[in-house]
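Q: In my numbering, the protein residues as written are 90 to 472.
Shown below is the structure under consideration.
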Amino acid sequence: MTLLRRCAVLFIEIREDLDLDLRALFSGVGALGATLRQIALAPHVGDEIELGDAELTLLGALGPTLWQERSQCEQRFGPELVERLLELGLLIGTESAYSAMRERDDALRAAYWRPLSAVAHAFSRWHDIKGENGKRFPTFDSLVASFGPPPPATIECAPEHACVDLPAPLDGPLDATLLGRYTGRNFDAQAVLPLPVAARLLQRTFGAQHQRQISPEATVLKKTSPSGGGLHPIEAYVLVQRVSGIAPGLYHYHPLRHRLEPMQLLGSEAARTLALATVADQQWFADAPMLVVMAGRVERSFWKYRDHPKSYRVLLLDAGHLSQTFYLLAAEAGLPAFITAGINEVNIEHAFGLDPLKHAVIAVCGCGTATAQASMTELRPAR
């Protein structure tokens, strides 16, 4: 007996497409026409799927948990409609012909994604995007010209007479590093990152400083940045371009053993091409000698925060904590750093062999020696 049910996570977006309506224009009613489409968003599929009314009705009649007999569903809605939705992966079937989509759906269920988070993550990923915003607005002035001035840099929440002036901050040992921290956008394409510097950056940012056995089957790591639930689910995948003693290629950084695990060796040109694709054609970042992909192991984080409304936000916070630590260590070494979420997640997943349902690629950071020109143009805090 063949059984089926709806996929685990499915959202329907009613999308409006506006176009020029010549008939309305000439009749004097208006110039714009609107077309409404029903778009299915299923994270385990990863592609947008346009649905008709009959397909939407069928999907609304089945739940994602209880299995139903295919024959009964076909009697009610027709075999062609059932077959189409099975092939698309919006219906999950027990037959071997649909095993690929069933396995993807099972993987999503096993990861305990919150449905809204799963959809947001799956459908905000980029593939082969090339400098989209940089082409639209090559300068800040062009951005202001198109959108007008930005909202004020600060807000006022109380009248002047009620405000409390604070004393000047005391000097501290962290000041030099904090004030030396800045985002680099012009990296020397020939400069090599010394191996001891790369090792310190990776170990002090992503490495375990201690580990503790809290039960016979559970180990927690202690790192230099905080982590939601103390789980530290962010993995560091490294694209090496120019690090002394390390061949260009793709590596995984092991936080306990403090070593790079080679995943794929690359030639210099291939590494540069992949770096450019990784940061979505942001050439000012692609020349960094070492780029680090931060990917969240959702199975570890969602083990505790399963189907939790804040679980995905915790992953993003973890990546933010780590990037700030990375920045400070780069500043300590006298190097500019960067972090960007403008990345081609799908390209990264393919390069490192990551499953987006299990490894949530969040951002890419990197650092390196600035060009001589950059020292004159980069925005740095006054000392």
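Note that CB positions come from ideal geometry on N, CA and C, so glycine has one too.
All values reported here derive from a predicted model rather than from experimental measurement.
#1: Can you give the Cα-Cα distance for L349 and A207, rounded to whole angstroms?
#2: Out of curiosity, what's the CA-to-CA distance linking L380 and F374?
#3: Between which two residues does the alpha helix (DSSP H) harbouring G318 extend?
#4: Within the continuous beta strand (DSSP E) that includes D108, where are the two ends?
#5: Across which residues does DSSP place L284 in a beta bridge pair?
#6: Give the secondary structure of L411 by DSSP, where H, G and I count as helix, E and B as strand, and everything else as coil.
#7: Quick one: grab the DSSP three-state call for M242.
#8: Verify whether the separation of the beta carbon atoms of T308 and Q300 is less than 8 Å.
#9: Reducing DSSP to helix, strand and coil, say where G269 ends up.
#10: Please list, in chain order, all residues of the same chain as A420 whose beta carbon is under 8 Å from its beta carbon, the five residues on each side excluded.
#11: Report, in whole angstroms, the separation of the C-beta atoms of N275 and A422, which I expect to be a contact under 8 Å.
#12: Of all the options L339, R346 and F100, which has the alpha carbon lying nearest to the alpha carbon of R361?
#13: If I'm right that C456 touches A377 with Cβ under 8 Å, what's the distance once you round it to whole angstroms?
#14: Is it true that the CB of L418 sits closer than 8 Å to the CB of T294?
#15: Where does E158 fall in DSSP's three states?
#16: If the criterion is Cβ atoms closer than 8 Å, does the pair E139 and R126 meet it?
#17: When burial is assigned at 16 or more other CB atoms within 10 Å of the CB, is E434 buried or exposed?
#18: Can you list, in chain order, the residues of its chain with a C-beta nearer than 7 Å to that of F100? Leave out the 5 residues immediately preceding and following it.
#19: Go through its chain and collect everything with a Cβ distance to R290's Cβ below 6 Å, but skip five positions before and after it.
#20: So, do the stretch 392 to 407 and the stretch 165 to 181 have three or more beta carbon pairs nearer to each other than 8 Å?
#21: Inspect the beta-carbon positions of F415 and Y326 and report whether they are closer than 8 Å.
#22: Hey, out of R214, R198 and Y187, whose CA is closest to D136's CA?
#23: Using DSSP bridges, identify the partner residues of P262.
#24: Could you tell me the distance, in whole angstroms, from the CA atom of L424 to the CA atom of S316?
#25: S213 lies in the beta strand (DSSP E); which residues open and close that run?
A: In short, the structure shows the following:
#1: Rounded to the nearest angstrom, the gap between the Cα atoms of L349 and A207 is 30 Å.
#2: Each residue's CA atom was taken as its position, placing L380 and F374 some 9 Å apart.
#3: Run containing G318: none; DSSP gives neither H nor E here.
#4: Its beta strand (DSSP E) spans residues F100 to L109.
#5: Note: L284 sits in no beta bridge, so no partner.
#6: Correct three-state label for L411: helix.
#7: Met is not the amino acid found at residue 242; the sequence shown has Ala there. Three-state DSSP puts A242 in coil, outside helix and strand.
#8: In contact: T308 and Q300 (Cβ atoms closer than 8 Å).
#9: Look at G269 here: in three-state DSSP terms it is helix.
#10: Leaving aside the five residues that flank A420 on each side, the residues in its chain whose CB is nearer than 8 Å to its CB run, in chain order, T266, L267, G269, R270, Y271 and A426.
#11: Taking a contact as a CB-CB distance under 8 Å, the pair N275 and A422 does not count as one, their CB atoms being some 17 Å apart.
#12: With respect to the C-alpha of R361, the residue from L339, R346 and F100 having the closest C-alpha is L339.
#13: Cβ atoms of C456 and A377 come within 8 Å of each other, at about 6 Å.
#14: A contact, by the Cβ cut-off of 8 Å.
#15: Note: E158 maps to strand in three-state DSSP.
#16: Yes, Cβ-Cβ distance for E139 and R126 is below 8 Å.
#17: So E434 ends up on the buried side.
#18: Excluding positions up to five away in sequence, the list reads L130 and V208.
#19: Note on residue identity: the sequence assigns Leu, not Arg, to residue 290. Cβ neighbours of L290 beyond the five flanking positions: L418.
#20: Between the stretch 392 to 407 and the stretch 165 to 181 there are fewer than three inter-stretch CB-CB distances shorter than 8 Å, so the stretches are not counted as touching.
#21: For F415 and Y326, no; Cβs fall outside 8 Å.
#22: Residue R214 is the option with its Cα nearest to D136.
#23: According to DSSP, P262 bridges with nothing at all.
#24: L424 and S316: Cα-Cα distance of roughly 26 Å.
#25: No beta strand (DSSP E) contains S213, which DSSP labels as neither H nor E.
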